[in-house]
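Engineer: Have a look at this one.
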Amino acid sequence: MQPPPVPLDQVDLADLDVFERNEAWGMFDTLRREAPVHWNEEHDGGSGFWSITQYDDIERIDKDPETFTSTHFTNLEEPPAEFQDLRRSILETDGPRHLALRKLLMRDFSPAQLRRYEDFLRGLAQLTVAAALQQEEMDFVDAIAADYPIAVLARLLDTPADMTPQLISWGNEIVGFSDPDYARVLVNSEEAKKYRHLPFSSPVSQEIFEYGRTLAAERKGGEGEDLVSKLVNRIPEDGVPLSPEHYDNYFLLLVVAGNETTRQAISHSMKALIDNPTQMQWLVEHPEKTQVAVEEFLRYASPVYHFRRTATRDVELHGQRIKAGDKVVMWWASGNRDETKFEDPYALRLDRMPNDHMSFGKGPHTCMGSNLARLEMRILFETLLPQVAEITQTGDLVRVRSNFVNGIKKFPVRIVTK
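Following this line, the structure appears as structure tokens:
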């Protein structure tokens, strides 16, 4: 549904209330139309940022790391200079080193490699769905959307089943760094200053590090096929081994990114199907089209609102002068609603083709796990939908308080099986 228009002077993409109420979409529309390069002040001491909202501009910036670097960090937080190298992950690395770090695991996420997991993933999906459907009423996030991706991640990391709840909790807290229901220390709070040497200024990062180090010590020098074994036993192609800090941050990224974004995409997709029953019926009648539908799910869900870059030099764009050092925010969610790229962008069209969405990014930092996410989503909906006679939302949907992750915390549903 097309959101109501928002006057330009009321646009504020630093206001987390806007995102918790799911009201950012009207602001994106206004910015694309009236101010595609728009300066936004911050309310928490941040230096402010430029919002980039048109698809073509986002793509240009994402593909130009020399002008718009990731090395000064990729969310709105501004870590002190003395902690940046300590906190640096593959996300905050550009150029040849970024490519070398990426190649450490990139082939393990290729379509050819992932085909080896298809039977396993289908078995996991069947277990998740069977357990959830033992009851008619459930929270879809807890019962299905969170359970399935984390079970996949646990298999890839080769962690014991009893660690799964902890992995979910860690992921919630890291991604929900601005949500008081998730974060024990909010990212811009006074207390967070004690943790500015840690990713997301969160004490939970240290807990993830310690667990990752335990796994690394167990698997160093072994021949395991899990991602941790590969991370600690492979040497990047540039010949520079992973430092302890780089390993810590790489492991944290696997734990968080390997679970949270897929979980949110699944939740939003199910919500979209409930709101569009004719589209759900079409998909049930055309299961061979699920792979095409997944691309529309990803566009429509936009599980990550934005990523940030930093200008390395003065640049003029749409008549605005972006200065070297300015934060530049690519609003991927806005790009996915750009009417110049997607006809009727607020409509869910599961047969939409072409569908060149930007939910995984468009440049050298394009999500390494995108093929896995697509495969997980396809298999889950192929497993779930044939068993559903009716699904209805039974209560309010509660969103994560964040302008970074487009997350759902609570999604009560009732499912009647066939």
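Mapping of the sequence shown onto this note's numbering: position 167 corresponds to residue 164, and the numbering continues sequentially without gaps. By construction, the Cβ of each residue, glycine as well, lies at the ideal position given by its N, Cα and C atoms. These numbers were taken from a predicted model, which means no experiment stands behind them.
(1) Does residue 161 come out as helix, strand or coil in the three-state DSSP assignment?
(2) Spatial neighbours of residue 374 within its chain, please: CB distance less than 8 Å, with the 5 preceding and 5 following residues excluded, ordered by chain position.
(3) Of the residues 345, 366, 332, 384, which one's Cα is nearest the Cα of residue 33?
(4) Just verifying my parser: in three-state terms, what is the DSSP assignment at residue 308?
(5) Could you give the C-beta distance for residue 398 and residue 405, rounded to a whole number, given that I count them as a contact under 8 Å?
(6) Note the first and the last residue of the continuous beta strand (DSSP E) segment covering residue 385.
(7) Just verifying my parser: in three-state terms, what is the DSSP assignment at residue 243?
(8) Do you know how far the Cα of residue 129 is from the Cα of residue 414?
(9) Roughly how many angstroms separate the alpha carbons of residue 181 and residue 205, rounded to a whole number?
(10) How many whole angstroms separate the CB atoms of residue 325 and residue 49, which I take to be in contact at a CB cut-off of 8 Å?
(11) Have a look at 335, 84, 98 and flag the residue whose alpha-carbon is nearest the alpha-carbon of residue 192.
(12) Whole angstroms is fine: what's the gap from residue 402's alpha carbon to residue 70's?
(13) Go ahead and label residue 338 buried or exposed: buried means 16 or more other beta carbons lie within 10 angstroms of its beta carbon, across all protein chains shown.
(14) How would you write the range of the alpha helix (DSSP H) that residue 375 sits in, first residue to last?
(15) By the 10 Å Cβ neighbour count, where 16 or more other Cβ atoms means buried, how is residue 320 classified, buried or exposed?
(16) Looking at the unbroken alpha helix (DSSP H) that takes in residue 257, where does it start and where does it end?
(17) Taking the C-alpha atoms as reference points, what is the distance between residue 362 and residue 235?
(18) Is it right to say residue 35 is buried, meaning 16 or more other beta carbons lie within 10 angstroms of its own, or is it exposed?
(19) The beta strand (DSSP E) that contains residue 27, what's its start and end?
(20) Going by DSSP, name the residue or residues bridged to residue 93.
(21) For residue 378 versus residue 138, is the C-beta spacing smaller than 8 Å?
(22) Using the Cβ count rule (16 or more neighbours within 10 Å means buried), how would you classify residue 307?
(23) Determine the closest residue to residue 252 out of 348, 323, 150, with distance taken between C-alpha atoms.
(24) Enumerate, from N- to C-terminal direction, the unbroken beta strand (DSSP E) stretches of 3 or more residues contained entirely within the region 114 to 167.
(25) Could you check where the alpha helix (DSSP H) with residue 55 kicks off and where it finishes?
(26) Does the distance from the C-beta atom of residue 60 to that of residue 359 stay below 8 Å?
(27) Would a C-beta distance cut-off of 8 Å place residue 110 and residue 104 closer than the cut-off?
(28) Taking the alpha carbon of residue 257 as the point to measure from, which residue in 147, 298, 350, 340 has its own alpha carbon closest?
(29) Could you compute how far the alpha carbon of residue 310 sits from the alpha carbon of residue 66?
(30) Considering only their Cβ atoms, is the gap separating residue 126 from residue 171 smaller than 8 Å?
(31) Could you give the DSSP three-state label for residue 68: helix, strand or coil?
(32) Which value, in whole angstroms, describes the spacing of the CA atoms of residue 246 and residue 304?
(33) Less than 8 Å between the C-beta atoms of residue 298 and residue 366, yes or no?
(34) Quick check on the DSSP output: the alpha helix (DSSP H) that includes residue 294 runs from which residue to which?
(35) Out of curiosity, what's the CA-to-CA distance linking residue 422 and residue 241?
(36) Indicate the three-state DSSP secondary structure (helix, strand or coil) for residue 406 in the structure shown.
Structural biologist: According to the data block:
(1) helix
(2) 259, 262, 263, 266, 291, 294, 295
(3) 332
(4) strand
(5) The pair is not a contact, with the Cβ atoms about 12 Å apart (cut-off 8 Å).
(6) 385 to 390
(7) In the structure shown, residue 243 sits in a helix (DSSP, three-state: H, G or I).
(8) 11 Å
(9) 15 Å
(10) 6 Å
(11) 84
(12) 16 Å
(13) buried
(14) 367 to 381
(15) exposed
(16) Residue 257 -> alpha helix (DSSP H) spans 257 to 272.
(17) Distance between the alpha carbons of residue 362 and residue 235 is about 18 Å.
(18) buried
(19) Not the beta strand (DSSP E): residue 27 falls in the alpha helix (DSSP H), residues 21 to 31.
(20) Paired residues: none, contrary to the question.
(21) For residue 378 and residue 138, no; Cβs fall outside 8 Å.
(22) buried
(23) 150
(24) Runs of the beta strand (DSSP E) inside the region 114 to 167: 134 to 136.
(25) 52 to 59
(26) yes
(27) yes
(28) 147
(29) 10 Å
(30) no
(31) coil
(32) It is roughly 18 Å from the alpha-carbon of residue 246 to the alpha-carbon of residue 304.
(33) In this structure, residue 366 does not lie closer than 8 Å to residue 298 by Cβ.
(34) 287 to 298
(35) Examination of residue 422 is not possible in this model, given that the chain is present from -2 through 415 alone.
(36) strand
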